[in-house]
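Sequences listed follow chains A and B, in order.
According to this note's numbering, the stretch in the first sequence is residues 1 to 291, in order.
According to this note's numbering, the stretch in the second sequence is residues 292 to 509, in order.
Think of the CB as a built atom: it goes at the ideal place given N, C-alpha and C, for glycine as much as any other residue.
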Amino acid sequence: MSAALKIISGGVQTTVQDPGRAGLRHMGVPAGGAADPRALMRANDCMGNQAGAAALEFTLTGPHIRFSGDTAFAVTGAVCDIMLDGRRVAPYQGHVAKAGSVLEVGAVMHGARGYISFDREIMCRAFGGSKSTHIYSALGGHEGRALIKGDGIALGPRSGAAISSAEPLRITTPHVLRILPGPEYDRLTDKAKTLLTMARFSASPQTDRMGARLIGPKLGLRLRQHMISSALLPGTLQLPAGGQIVLSLVDSHCTGGYVRAARVITRDLPLTGQIRPGAPIWFRWATEADL
Amino acid sequence: MSAYSLQSYGDDALLIEFQDDQSGSLTGYVQSLRACGLFSDVIPAYRSITVQFDPKISRETDVRAAITAALAHPVNVTAGPIIKVPVYYSGPDLTAAAKMLGLSRQALIKAHSAPVYDVAFLGFLPGFTFLSGLPRALSLPRHDTPRIRVGAGSVGIAGDQTGIYALPSPGGWQILGRTPWRLFRPEASEPFRFRAGDRLAFTPITKSEYGALSEHDE
């Protein structure tokens, strides 16, 4: 039997996300998907779901949800209080909610984003083989946007898979992100090159799935050469003329026109999904052993 | 083959930058790179192609060798027919842009709709169409402060590039007009109206023609 989720409150930004739609960047469509794919995978593991299943991704404050039918769920990722009908339940662990039960995911105390998986398929529209919500182009998810009070999300039948638990992820702060020089690294002044790995940065309040503007020392550019539009990939430390790094994230534009000073290595990209405004960030050069 | 440089862009991507302006002629390289089967994405831009690979499967040295081989033998691409794109030239920046260029509105419309443009690449947001072939005399600076919202189908100029907004978004381009066509239809089996390598020309239309042809909601 199918069921539904009734959204009592959406939190700061709750969207449907799966591993994303790879291979469409040449059409201007970012891969998107879960900002912390490790946490999504563990949420699906708890439900016995396939790794590609969609879940709800919440940001800084979780949603409050009423279940219309018996449904198993698990919450992973950012550290927060999880209450089922007023009783605290454990993260990284499957629980069964009865029809009419209310799940309240509270304010995130550590990290930025968490995932709620279900033992039922989230029924919503897909594009490019993915249900991931891309807010800027209104693709995927529930009407291509974040969930708000009053939304009803249809769920498919229960999978019948056994629910279990998963090893919790450790979200460590300050964030230490390993980087490699970007295509325009040589345009940085010697001082900027030093500061990149010697200075402390932090994410400004202007942080979303598209990118994080970083607060830190201004990094100077040696050459004021004209930049012509070129591909932009997630994890890029872009350097506009103002000298403040903009770190591109999972939903970033597919092309850009700023200096690409450096890029976070693929192994550390999932960490960028847990950066919250104010969180300290250090960059360090990746070594051969890191890759 | 034209000269190019090859550099790393993180541990899962390589950036190929061509020395000279390759306007419209990257498609053959893009196709031969795709044919390698090594890349999850091959992303052309005006003067570059970025390829993404899986570092767990391919080593960068092997990828570099494959790129060198692919670029030595670009696919021979035959140019398609010229797509006539209707544009109602009445954009919010048309008058100011004509003044900046020292042209009448009519002369600007004529000059912008005269060339055959190549779709250089799609980028920014889904379906945003970057064209090459803008006459140098029509170069215009971006707005210092981007508009909060530019409508879908807006045709504009920024620097020496011209292009079409596929979706409503913030934007800093000088907007000359609007095409009634929807360039990105996610619900359709062919969601993208154009792809890199297409050739197109703008046909000025009247307000009533725009109204009759409009595929936009607003």
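Just to check my reading of the structure: residue i and residue j have Cβ atoms closer than 8 angstroms, yes? What is that Cβ distance to the nearest angstrom?
{"i": "His26/A", "j": "Ile455/B", "result": "Going by Cβ atoms, the distance from His26/A to Ile455/B rounds to 17 angstroms, so no, they are not a contact pair."}
{"i": "Ser202/A", "j": "Ala279/A", "result": "6 angstroms"}
{"i": "Gln274/A", "j": "Ala78/A", "result": "7 angstroms"}
{"i": "Leu416/B", "j": "Ser460/B", "result": "6 angstroms"}
{"i": "Thr197/A", "j": "Leu221/A", "result": "Not quite, the Cβ-Cβ distance comes to about 17 angstroms (not below 8 angstroms), so this is no contact."}
{"i": "Arg21/A", "j": "Gly129/A", "result": "6 angstroms"}
{"i": "Val176/A", "j": "Arg88/A", "result": "Rounded, the Cβ-Cβ distance is 31 angstroms, inconsistent with contact."}
{"i": "Val16/A", "j": "Thr133/A", "result": "5 angstroms"}
{"i": "Ile122/A", "j": "Leu155/A", "result": "6 angstroms"}
{"i": "Ala166/A", "j": "Asp36/A", "result": "Actually they are not in contact, since the Cβ atoms of Ala166/A and Asp36/A sit about 13 angstroms apart, beyond 8 angstroms."}
{"i": "Ile135/A", "j": "Phe58/A", "result": "Not confirmed; about 14 angstroms, so no contact."}
{"i": "Leu291/A", "j": "Pro346/B", "result": "7 angstroms"}
{"i": "Gly11/A", "j": "Thr61/A", "result": "4 angstroms"}
Rounded to whole angstroms, what's the CA-CA distance from residue i to residue j? Just pull it up for me.
{"i": "Ala112/A", "j": "Arg263/A", "result": "21 angstroms"}
{"i": "Asn49/A", "j": "Leu305/B", "result": "34 angstroms"}
{"i": "Ser68/A", "j": "Gly100/A", "result": "5 angstroms"}
{"i": "Pro174/A", "j": "Tyr92/A", "result": "23 angstroms"}
{"i": "Leu431/B", "j": "Ile340/B", "result": "26 angstroms"}
{"i": "Thr359/B", "j": "Val321/B", "result": "13 angstroms"}
{"i": "Leu394/B", "j": "Ser404/B", "result": "14 angstroms"}
{"i": "Gln298/B", "j": "Pro217/A", "result": "27 angstroms"}
{"i": "Val108/A", "j": "Leu247/A", "result": "22 angstroms"}
{"i": "Asn367/B", "j": "Ile373/B", "result": "18 angstroms"}
{"i": "Ile496/B", "j": "Val376/B", "result": "10 angstroms"}
{"i": "Arg469/B", "j": "Tyr380/B", "result": "6 angstroms"}
{"i": "Leu169/A", "j": "Arg42/A", "result": "9 angstroms"}
{"i": "Asp384/B", "j": "Ser499/B", "result": "20 angstroms"}
{"i": "Leu458/B", "j": "Asp489/B", "result": "19 angstroms"}
{"i": "Gly144/A", "j": "Arg66/A", "result": "21 angstroms"}
{"i": "Gln465/B", "j": "Gln244/A", "result": "26 angstroms"}
{"i": "Asp353/B", "j": "Leu474/B", "result": "37 angstroms"}
{"i": "Cys124/A", "j": "Ala138/A", "result": "13 angstroms"}
{"i": "Leu399/B", "j": "Arg440/B", "result": "24 angstroms"}
{"i": "Ser164/A", "j": "Ile348/B", "result": "31 angstroms"}
{"i": "Leu239/A", "j": "Met83/A", "result": "42 angstroms"}
{"i": "Lys98/A", "j": "Ala3/A", "result": "11 angstroms"}
{"i": "Leu504/B", "j": "Thr236/A", "result": "41 angstroms"}
{"i": "Gly28/A", "j": "Glu481/B", "result": "15 angstroms"}
{"i": "Arg486/B", "j": "Asp435/B", "result": "30 angstroms"}
{"i": "Gly160/A", "j": "Gly86/A", "result": "26 angstroms"}
{"i": "Arg350/B", "j": "Met1/A", "result": "48 angstroms"}
Please work out which residues of its chain come closer than 6 angstroms, Cβ to Cβ, to residue i, disregarding the five sequence neighbours upstream and downstream, and give them in chain order.
{"i": "Tyr337/B", "result": "Ala411"}
{"i": "Thr207/A", "result": "Pro277"}
{"i": "Gly182/A", "result": "Arg260, Ala261, Ala262, Arg263"}
{"i": "Gly319/B", "result": "Pro365, Val366, Val368"}
{"i": "Asp332/B", "result": "Gln343"}
DSSP has residue i in a bridge; who is on the other side?
{"i": "Pro365/B", "result": "In DSSP, Pro365/B forms no bridge with anything."}
{"i": "Ser229/A", "result": "The partner list for Ser229/A (beta bridge, DSSP) is empty, contrary to what the question assumes."}
{"i": "Met83/A", "result": "Arg88/A, Glu104/A"}
{"i": "Thr71/A", "result": "Ala97/A"}
{"i": "Leu239/A", "result": "Val259/A"}
{"i": "Ser9/A", "result": "His64/A"}
{"i": "Leu247/A", "result": "Ala212/A, Leu237/A"}
{"i": "Tyr501/B", "result": "Answer is none; Tyr501/B lacks a bridge partner."}
{"i": "Gly454/B", "result": "Phe421/B, Gly447/B"}
{"i": "Ala78/A", "result": "Ala78/A pairs with nothing; no bridge assigned."}
{"i": "Glu481/B", "result": "The partner list for Glu481/B (beta bridge, DSSP) is empty, contrary to what the question assumes."}
{"i": "His110/A", "result": "Val79/A"}
{"i": "Ser293/B", "result": "The partner list for Ser293/B (beta bridge, DSSP) is empty, contrary to what the question assumes."}
{"i": "Arg469/B", "result": "Tyr379/B, Ser445/B"}
{"i": "Gly463/B", "result": "None, per the DSSP bridge assignment."}
{"i": "Thr15/A", "result": "Glu57/A"}
{"i": "Thr341/B", "result": "Leu306/B, Ile334/B"}
For residue i, I'd like the list of residues in its chain whose CB is within less than 8 angstroms of its CB, leaving aside the five on either flank, ordered along the chain.
{"i": "Tyr513/B", "result": "An answer regarding residue 513/B cannot be provided, because it is not within the stretch 292 to 509 covered by chain B."}
{"i": "Gly450/B", "result": "Ser430, Leu431, Pro432, Arg433"}
{"i": "Gly94/A", "result": "Cys46, Met47, Ala72, Phe73, Ala74, Asp119, Ile163, Ser164, Ser165"}
Any heavy atom of the ligand NAP closer than 7 angstroms to the Cβ of residue i?
{"i": "Thr359/B", "result": "Absence of the ligand NAP from the depicted structure is noted, as is the absence of any ligand whatsoever, leaving it without description."}
Identify, in the order they occur along the chain, each residue of the same chain with its Cβ nearer than 7 angstroms to the Cβ of residue i, setting aside the five sequence neighbours on each side.
{"i": "Gly52/A", "result": "Asp18, Pro19"}
{"i": "Ser252/A", "result": "Pro30, Met210, Gly211, Leu232, Pro234"}
{"i": "Ala126/A", "result": "Gly140"}
{"i": "Leu195/A", "result": "Pro217, Leu219"}
{"i": "Arg427/B", "result": "Asp451"}
{"i": "Arg292/A", "result": "Absent from the model: residue 292/A. The displayed extent of chain A is 1 to 291, so no value can be given."}
{"i": "Ala370/B", "result": "Arg490"}
If the cut is a Cβ gap below 8 angstroms, which residues of chain D does residue i touch?
{"i": "Thr341/B", "result": "In the displayed structure, chain D is absent; the protein chains listed are A and B."}
>> At 3 residues or longer, what runs of the beta strand (DSSP E) sit wholly inside the region 361-439 of chain B?
In response: 373-378, 408-414, 419-423
>> So within the region 113-181 of chain A, which uninterrupted beta strand (DSSP E) runs reach at least 3 residues, ignoring any that extend past its ends?
In response: 120-122, 152-158, 175-181
> Of all the alpha helix (DSSP H) runs that stay within the bounds of the region 303-338 of chain B, which reach a length of 4 or more residues?
Replying inline: 318-326
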